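**Q**
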Amino acid sequence: MNEPLVLGIETSCDETGVGIVRGHTLLADAIASSVEEHARFGGVVPEVASRAHLEAMVPTIERACETAGVKPRDVDAISVTSGPGLAGALLVGVAAAKALAVGLDKPIYGVNHLASHVAVDQLEHGALPEPCLAMLVSGGHSSLLRVEDITTGVDPLGATIDDAAGEAFDKVARLLGLPFPGGPHIDRAAESGSKVYVDFPRGLTSRRDIERHRFDFSFSGLKTAVARWVEARERSGEPVPVADVAASFQEAVCDVLTRKAVDAAVTHGIDHIMIGGGVAANSRLRVLTEERAAAKGIRVRVPRPGLCTDNGAMVAALGAEMVARGRRPSPLDLPADSSQPVTSVLV
Ligand code: KG4
Ligand code: ZN
């Protein structure tokens, strides 16, 4: 089977995503988001997300099939995010995928959410170079991975030791009075601000830290530094220059991410960097990575912003790759594993 037709289901957080792909071709990417229901809480409320998935699941599957012009029985396989993510939210997707697999008598692939963020790039730029250095930056994760064959495993080179990059964007946005999720709002506010207005700290970049944490990240100190700076400004009675603080904070995050990603690629002799996860939608991160990678002769691949944030197409993309490479499907009693390690790409 050369070009497998796969339906993928994603429910690890607040997006109910159903994607349909044929090999590397995207046919449908239907999404229902409960983000507005969480906005007033300043973060995703797991129970609210699970209920929203339950309500959105069938209509989203129907919408994806309609857009792709396929019937569920036409697909070669079902793939689903088995983890990591919110336990209750994952359960809804896994249960739906099992129901489809049993009802249609199709194989099921329970795949890793993070590996799917990498595989999605194949829908836009074709087969992933092997090896490839993946910088995964989302609301829950920030890691550097060496990827040889995305269907068999990834090799973690480094990760955040505290907050994820997206989490830092969301928390700092809150401090600045910007809505949730904060990443896109900081990105927009930063356009009119100065990157050098405040020299915020760059976590784990001192010589001592580099010895132990060369490819690891830390963003919690940066978040605290922004909070202190904003509090001091408020106490002084002067207005907080939101655009400048947003731009300076964004620069601190992007500076560290890109510096370490390029260093990891050079150190491991890898000449392609792919950026995945919600924060890959950040405009400054894209530009700075391109700039620094080009200086070392490294090519950069970033999916378009709509494919960087959580979606079903990425899960279908990884599922299609599993089928194309003849990987054995998951057992029908596959679990939803909220803490599925990044090294386990297929359950
Ligand atoms: O991958 P994703 O959709 O969900 C997770 O698996 O976490 O990532 C969501 C994260 C949020 O923290 C959001 O603020 C961030 O991605 N994000 C951005 C941008 N767009 C989304 N961060 C910075 N700049 C953006 N343009
Ligand atoms: Zn994600």
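Numbering (the working numbering), first residue to last: 2 to 348. Note that the Cβ used here is the ideal one computed from N, Cα and C, for glycine as well. In this text the structure is predicted, and so the values were computed from the model without any measurement.
1. Using the beta-carbon of each residue, find all residues closer than 5 Å to any heavy atom of ligand 2 and list them in chain order.
2. Kindly list the residues whose CB is nearer than 7 Å to the CB of A262, restricted to its own chain and excluding five residues on each side of it in sequence; keep chain order.
3. Please state the DSSP three-state secondary structure of P157.
4. If we count the other Cβ atoms within 10 Å of its Cβ and call it buried at 16 or more, is P85 buried or exposed?
5. Cutting at 8 Å between CB atoms, please list the residues of its own chain near P180, excluding the five before and the five after it.
6. Contact between the segment 6–22 and the segment 62–81 is defined here as three or more beta-carbon pairs at a separation below 8 Å; is this criterion met?
7. What's the C-alpha gap between I151 and R300?
8. Can you list, in chain order, the residues of its chain with a C-beta nearer than 8 Å to that of S34? Leave out the 5 residues immediately preceding and following it.
9. Please report the straight-line C-alpha distance between S249 and S221, rounded to a whole angstrom.
10. Compute the Euclidean distance between the alpha carbons of L27 and G43, then round it to the nearest angstrom.
11. Less than 6 Å between the CB of V280 and some heavy atom of ligand 1, yes or no?
12. Starting from the Cα of A337, find the closest Cα among V95, L347 and N3 and give me that residue.
13. With C255 and L286 assumed to form a contact (beta carbons below 8 Å), what rounded beta-carbon distance in angstroms separates them?
14. Let me confirm a value: T268 is counted as buried when at least 16 other C-beta atoms fall within 10 Å, else exposed. Which label applies?
15. Is any heavy atom in ligand 1 found nearer than 6 Å to the beta carbon of C14?
16. Per DSSP, which one or two residues make a beta bridge with R300?
17. Quick one: what does DSSP say F250 is sitting in, helix, strand or coil?
18. Assign I187 to one of three DSSP states: helix, strand, or coil.
19. Tell me the rounded alpha-carbon separation between G159 and L115.
20. Identify every residue that forms a DSSP beta bridge with M136.
21. In terms of residues, what are the limits of the alpha helix (DSSP H) holding T61?
22. Quick check for students: name the residue ranges of the alpha helix (DSSP H) that lie wholly in the segment 68–135, counting only runs of 4 or more.
23. On the DSSP bridge list, what partners appear for F218?
24. Using 6 Å as the cut-off, classify the Cβ of P1 as near or not near the heavy atoms of ligand 1, replying yes or no.
25. Among the candidates G70, P47, V257 and D164, whose CA atom is the shortest distance from the CA of A31?
26. Using the Cβ count rule (16 or more neighbours within 10 Å means buried), how would you classify T259?
27. Per DSSP, what are the beta-bridge partners of D17 in this structure?
28. Roughly how many angstroms lie between the CA atoms of V46 and E56, to the nearest whole one?
29. Give me whichever residues DSSP pairs with I10 in a beta bridge.
30. Straight-line CA distance for P5 to Q123?
31. Unbroken beta strand (DSSP E) runs of length 3 or more, entirely within the segment 283–337: which are they?
32. Drop a sphere of 10 angstroms on the beta-carbon of R304, count the other beta-carbons inside from all chains shown, and report buried for 16 or more, exposed for fewer.
**A** From the atom records:
1. Each of S139 and D311 has a C-beta closer than 5 Å to some heavy atom of ligand 2; these make up the full list, in chain order.
2. Within the sequence shown, numbered from 1, the residue matching residue 262 stands at position 261. Counting only Cβ-Cβ distances below 7 Å, and skipping sequence neighbours, we find L134, M136, L145, I274 and T290.
3. As a working mapping, residue 157 is identified with position 156 in the sequence shown. Looking at P157 - three-state DSSP - the assignment turns out to be strand.
4. By 1-based counting over the sequence shown, the position of residue 85 is 84. Classified as buried, P85 has 16 or more neighbouring CB atoms from the shown chains inside 10 Å of its CB.
5. Counted from its first residue, the sequence shown places residue 180 at position 179. So the qualifying residues of the chain are A40, A174 and H186.
6. With the cut-off at 8 Å, the segment 6–22 and the segment 62–81 touch.
7. Start at 1 with the first residue of the sequence shown, and residue 151 comes out as number 150. Start at 1 with the first residue of the sequence shown, and residue 300 comes out as number 299. Near 19 Å, if we compare the C-alpha coordinates of R300 and I151.
8. Start at 1 with the first residue of the sequence shown, and residue 34 comes out as number 33. Only D15, E16 and T17 meet the Cβ criterion.
9. Sequence index remark: in the sequence shown, residue 249 carries index 248 (1-based). Sequence index remark: in the sequence shown, residue 221 carries index 220 (1-based). Cα-Cα distance, rounded: 16 Å.
10. Within the sequence shown, numbered from 1, the residue matching residue 27 stands at position 26. Within the sequence shown, numbered from 1, the residue matching residue 43 stands at position 42. Approximately 33 Å, taken between the alpha carbons.
11. By 1-based counting over the sequence shown, the position of residue 280 is 279. At least one heavy atom of ligand 1 is nearer than 6 Å to the Cβ of V280, so yes.
12. As a first step, residue 337 must be located in the sequence shown, where it is residue number 336. Looking at the Cα atoms, V95 is the closest of the given residues.
13. Here residue 255 refers to the residue found at position 254 when the sequence shown is read from its first residue. Here residue 286 refers to the residue found at position 285 when the sequence shown is read from its first residue. A Cβ-Cβ separation of about 5 Å places C255 in contact with L286 under the 8 Å criterion.
14. Position 267 of the sequence shown, counted from the first residue, corresponds to residue 268. Counting every other CB atom within 10 Å of its CB across the protein chains shown gives T268 a total below 16, marking it as exposed.
15. Numbered from its first residue, the sequence shown carries residue 14 at position 13. At least one heavy atom of ligand 1 is found less than 6 Å from the C-beta of C14.
16. The residue labelled residue 300 in the question sits at position 299 within the sequence shown. The bridge partners DSSP lists for R300 are H273.
17. Along the sequence shown, one-based indexing puts residue 250 at 249. Reduced to three states, the DSSP call for F250 is helix.
18. Your numbering for residue 187 matches position 186 in the sequence shown. Note: I187 maps to helix in three-state DSSP.
19. Along the sequence shown, read from residue 1 onward, the residue named residue 159 stands at position 158. Along the sequence shown, read from residue 1 onward, the residue named residue 115 stands at position 114. For G159 and L115, the gap between their C-alpha atoms comes out near 14 Å.
20. Taking the first residue of the sequence shown as 1, we reach residue 136 at position 135. M136 is bridged to L145 and I276.
21. Counting from 1 along the sequence shown, the entry for residue 61 is found at position 60. Residues P47 to A69.
22. Here the runs fully enclosed are 88–105, 114–120 and 123–126.
23. Position 217 of the sequence shown, counting from 1, holds the residue named residue 218. Listed as beta-bridge partners of F218 by DSSP are T161.
24. The question about residue 1 has no answer here: the residues shown for the chain are numbered 2 through 348.
25. Numbered from 1 along the sequence shown, position 30 holds the residue referred to as residue 31. Just measuring C-alpha positions, the residue of G70, P47, V257 and D164 sitting nearest A31 is G70.
26. Locating residue 259 in the sequence shown gives position 258, counting from the first residue. Buried is the call here.
27. Working through the sequence shown from its first residue, we reach residue 17 at position 16. One detail in the question is off: residue 17 reads as Thr in this sequence, not Asp. Answer is A33, bridged to T17.
28. For the purposes of this step, residue 46 is identified with residue 45 of the sequence shown, where counting begins at 1. For the purposes of this step, residue 56 is identified with residue 55 of the sequence shown, where counting begins at 1. A direct Cα-to-Cα measurement between V46 and E56 gives close to 16 Å.
29. Working through the sequence shown from its first residue, we reach residue 10 at position 9. Partner(s): V19 and V81.
30. By 1-based counting over the sequence shown, the position of residue 5 is 4. By 1-based counting over the sequence shown, the position of residue 123 is 122. Their Cα atoms are separated by approximately 14 Å.
31. List check, beta strand (DSSP E) in window: 300–302.
32. Locating residue 304 in the sequence shown gives position 303, where the first residue counts as 1. Here residue 304 is Pro; the residue named in the question, Arg, does not match the sequence. With 16 or more other CB atoms across the displayed protein chains lying within 10 angstroms of its CB, P304 is buried.
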